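Visitor: Chains as they are written, first to last, in the working numbering: chain G, 1 to 345; chain E, 1001 to 1345. We put the beta carbon where it would ideally sit given N, CA and C, even for glycine. The structure displayed is predicted, hence computed values, not measured ones. This structure is in structure tokens; I'll ask about it shortly.
Number of protein chains: 2
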Amino acid sequence: MKNPKENCQGYSLDGIRIFPDRTEILNQLRLPFIEEWLVTSNYREVTKAIKDMVIRGAPIIGAAGAIAMYLAVLEGVGKQNILYYLRNAYLEIVGARPTARELAFRTDEVYKVAEQNIIYGNNSFPVEETYKVVLKIFRESIESTEHIINEGISLFTKKSNILTHCNTGSLAVLGRGTALGIIKEAFKRGLVNMVYTGETRPFLQGSRLTSYELKNEGIPHKIIIDSSAPYLMSKGLVDMVIIGADRISSNFDVANKIGSYSLALAAHHHKIPFYVAAPMVTIDHRLKSGEEIMVEERSENEVLFLNEKRIAPEGVSALNYSFDITPSTLVTAIITEKGIIYPEK
Amino acid sequence: MKNPKENCQGYSLDGIRIFPDRTEILNQLRLPFIEEWLVTSNYREVTKAIKDMVIRGAPIIGAAGAIAMYLAVLEGVGKQNILYYLRNAYLEIVGARPTARELAFRTDEVYKVAEQNIIYGNNSFPVEETYKVVLKIFRESIESTEHIINEGISLFTKKSNILTHCNTGSLAVLGRGTALGIIKEAFKRGLVNMVYTGETRPFLQGSRLTSYELKNEGIPHKIIIDSSAPYLMSKGLVDMVIIGADRISSNFDVANKIGSYSLALAAHHHKIPFYVAAPMVTIDHRLKSGEEIMVEERSENEVLFLNEKRIAPEGVSALNYSFDITPSTLVTAIITEKGIIYPEK
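Here is the structure:
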């Protein structure tokens, strides 16, 4: 995988690339076995990629949403009722995945610039203006990732055994990663003994993606089944938990990949620090508490099938919440690009 | 699947059948899709079936161990050094899976009768005597299962939403099941609203086996990924947890399928009763606490492969504890055939 680099045209990153006429999205469904890129100028294809988790991870789907919105502007050139068309595109994009804050937030940033140009700027087809916003989002996001990493490193007091969940690396984020970015930098500084990565059922982001990134960086790690984490803690194998976040309410309750709450409860019981690393944009100040966060329920087939093969009897049902809510009382600290937040206990 | 029935020859049960000249074992690896029976008179084949989890579940592998020991006696007829031969067979059988108490206990029951007959009874090949022990174990085990069910039912105060883990039904036990037996009886009495069954990674006993049994009984249920259970509890969807046990120390710490401890922590946090259903033989009075229970670590390939297909990158490792230890302080009650035990808090 490549390092992020900007050129006169756009950005080339590990999980997503942008150009004035198209975007290229790494198909995370086929990782770690096949590196396949989806190349498209069609906002609906990007939206479908977000919905189907071809691309996943809160910050990177924020960027993908911004690009989708930009492509809608590009595709809209010459259309009548352009505002109506863009409004519909906006709703399609942000509806693809409801829990992650950054998707709605970044899509909205592009949409607003388009709308303001059309209404007040008298430019019905603000292609350049919206592309600039996309570039700004990329720059901002990469920069904030590095700040998060620096803040996170300050929490290490010794060479540690770290437990993480889902994937928060360069496939999920613009840059090296939030939680996984911190782990990568900590490893460089000799602060990592072992990383335990939960496989992250049902989508296996841990075994497929986090393990892939850790292997590429030469970081010692072991995959564990998600429900074994508390037992590892009881055996003294875990010094800290670091995960990402999809949305954080104003009181610092954290929505993140299903299984996070289970880790928080166990870390709390074992007096192990439980850290959440996420950009400030993840915090949704409109929401009083985690109860107001909409938790996406995905198709039961994600639980009932694996490798396209049924793993449960015909005719039975599954319940498939994609996220859970960890109350702020169980969160030791939230690591953001603006500093570390310690929720009140 | 058939109901347990005794005839002049032996027992025919859902997961295992015995006859004076052979045993028949239902291959649980191929369920719920294919019903395949392993027919064998060879104790090593039975031992391998236990080790490979062709047959699994603490009480039923106890029975399988007893049969394996009996088959070793049968195969040993005419052999010189019969005691040495049987002692080796005994060690092979009980070494197949170290955590479940009943395997060692039941194998030992048959072994001791063989040994005593050979040494004191002057019968070098005590085939009939040991077969009688196997029959006694079957009768005892089926009877104790029914007592456990009756005791468990007394804990229901209303129509409930029940969470269970792994498989504790007629595939794991002689009779209708321990935890799952209670659920089946509770359903008959109108006391079950919904059963949530954790899929139970990595072996998927929940999605493959528990769901299969629940479907056959017409009991409403949903499969969940294991790590989502705490979130369901936080949403008020769970009234009680009932699981089985593989070994219980004298202070009532419980070794059970990996993931059980995670459920206990969450149930405790949410003030939801956490019940363990197991026959008295599961309690190992030689052990002071759960720390002394040997927890089996199985091949990492169980985590890294699914349906014989790799799900993680080449060259990475996994850590695969098959059980975990729940301290008695988190256990509301242990349901046995002799009554309900409330561990001291």
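1. Could you have a look at G:F323 and say whether DSSP puts it in helix, strand or coil?
2. For the structure I just gave you, are there three or more beta carbon pairs, one from the segment 177 to 194 of chain G and one from the segment 1281 to 1290 of chain E, closer than 8 Å?
3. Express the C-alpha separation of E:I1137 and E:C1008 in angstroms, rounding to a whole number.
4. Near E:V1113, which residues of its chain fall below 6 Å by C-beta distance, leaving aside the five closest residues on each side in sequence?
5. Using the rule of at least 16 other Cβ atoms within 10 Å of the residue's Cβ for burial, across every protein chain shown, is E:Q1116 buried or exposed?
6. Which two residues bound the contiguous alpha helix (DSSP H) that contains G:G76?
7. Considering only residues of the same chain and omitting the five flanking positions on each side of G:A245, which have a CB-CB separation below 6 Å?
8. Short of 7 Å in beta carbon distance, which residues of its chain neighbour G:I118, apart from the five on each side in sequence? Order them along the chain.
9. Please report the distance separating the alpha-carbon of G:K2 from that of E:F1033.
10. Less than 8 Å between the CB atoms is what I'm expecting for G:G76 and G:L91, so what's the real figure, rounded?
11. Roughly how many whole angstroms lie between the Cα atoms of E:L1163 and E:V1192?
12. With distances taken between CB atoms, is the gap from G:G15 to G:I55 smaller than 8 Å?
13. Compare the beta carbon distance of E:T1107 and E:G1169 with 8 Å and say whether it is the shorter of the two.
14. Residue range of the beta strand (DSSP E) that G:H221 falls in?
15. Residues of chain E with CB under 7 Å from G:K48, in chain order?
16. Kindly list, in the order they appear in chain E, the residues whose Cβ is closer than 7 Å to that of G:A266.
17. Which term fits E:S1322, buried or exposed, when burial requires 16 or more other beta carbons within 10 angstroms of its beta carbon?
18. Mind checking G:T157: buried by the 16 CB within 10 Å criterion, or exposed?
19. From this set, G:K159, G:G218, G:K215 and G:N167, which residue's C-alpha is nearest G:R189's C-alpha?
20. How is the beta strand (DSSP E) around E:V1254 delimited, first residue to last?
21. Please identify, using Cβ separations under 9 Å, the residues of the segment 1081 to 1097 of chain E that lie next to chain G, in order along the chain.
22. Using DSSP bridges, identify the partner residues of E:F1019.
23. Report, in whole angstroms, the separation of the C-beta atoms of E:E1146 and E:G1339, which I expect to be a contact under 8 Å.
24. Do we get a CB-CB distance below 8 Å when we pair E:N1027 with the residues of chain G?
25. For G:L306, which of helix, strand or coil comes out of DSSP?
26. Using the rule of at least 16 other Cβ atoms within 10 Å of the residue's Cβ for burial, across every protein chain shown, is E:T1329 buried or exposed?
27. Under 8 Å by Cβ, that's how I've got G:S207 and E:A1312 pegged, so tell me the actual separation to the nearest angstrom.
28. In angstroms with no decimal places, state the Cα-to-Cα distance between G:N88 and G:P20.
29. Can you list, in chain order, the residues of its chain whose CB lies under 8 Å from that of G:I325, leaving out five sequence neighbours each side?
30. Once the 5 residues before and after G:Y111 are set aside, which same chain residues still bring their CB inside 7 Å of it?
31. When the cut-off is 8 Å and only beta carbons count, does G:L304 lie next to chain E?
32. G:H221 and G:G198 look like a contact to me (Cβ under 8 Å); what is the Cβ gap, rounded to whole Å?
33. Grab me the residues of G:E45's own chain with a C-beta within less than 8 Å of its C-beta, minus the 5 sequence neighbours each way, in chain order.
34. Compare the C-beta of G:A318 with all C-beta atoms of chain E and state if any pair is closer than 8 Å.
35. Could I get the ranges of all uninterrupted alpha helix (DSSP H) runs contained in the segment 1160 to 1202 of chain E, with 4 residues as the minimum, in chain order?
36. Select from E:I1142, E:Q1080, E:E1217 and E:I1060 the residue whose C-alpha is nearest the C-alpha of E:E1102.
Guide: So, to answer that:
1. strand
2. no
3. With a pLDDT of 45 at E:C1008, under the threshold of 50, the modelled position of this residue cannot be trusted, and the question is left open.
4. E1129, T1130 and V1133
5. exposed
6. A58 to G76
7. V254, N256, V276, A278 and T282
8. I82, L83, S124 and P126
9. Bear in mind that the predicted position of G:K2 carries a pLDDT of just 42, short of 50, making it unreliable; the figure below should be weighed with that in mind. Taking the straight line from one Cα to the other gives about 44 Å.
10. Contact doesn't hold; Cβ gap of about 15 Å is too wide.
11. 11 Å
12. yes
13. no
14. H221 to I224
15. The contacting residues do not exist; G:K48 stays about 24 Å from chain E at best.
16. S1262 and L1265
17. buried
18. exposed
19. G:K159
20. V1254 to K1257
21. none
22. E:R1022
23. That belief does not hold up - the Cβ atoms of E:E1146 and E:G1339 are roughly 14 Å apart, past 8 Å.
24. no
25. strand
26. exposed
27. 4 Å
28. 22 Å
29. D253, V254, A255, Y261, G290, E291, I293 and V295
30. M69, L86 and Y90
31. yes
32. Not a contact, Cβ separation roughly 11 Å.
33. L38
34. yes
35. 1179 to 1188
36. E:I1060
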